[in-house]
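For reference, the structure is listed below as structure tokens.
Residue numbers (the UniProt record's numbering): 1 to 64.
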């Protein structure tokens, strides 16, 4: 199981793009970190998740 934002999820074998779609995140409004390394957006479609990965998804919120 992949750990995403502290929760175990069955996402191993998925790309970052597929995971974000599954979790209903807008890839343009988040930053993804895998095993404490920030992943470039251009690599989301080719970066495949492994069952040992720890993923953090950080979203941006506008405000004023």
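Where a beta carbon is used, it is the ideal one built from N, C-alpha and C, also for glycine.
Span of the beta strand (DSSP E), counted from its first residue to its last, around residue 9: 7 to 9
Residue 34 beta carbon less than 8 Å from that of residue 55: yes
Where residue 54 sits in the DSSP three-state scheme: strand
Residue environment, residue 19, which counts as buried when at least 16 other CB atoms sit within 10 Å: buried
Contact test: residue 61 Cβ vs the ligand GDP heavy atom, cutoff 7 Å: The model on display carries no ligand, and the ligand GDP is accordingly not part of it.
Cross-strand partners of residue 59 (DSSP beta bridge): Within the DSSP secondary-structure output, residue 59 pairs in a beta bridge with 30.
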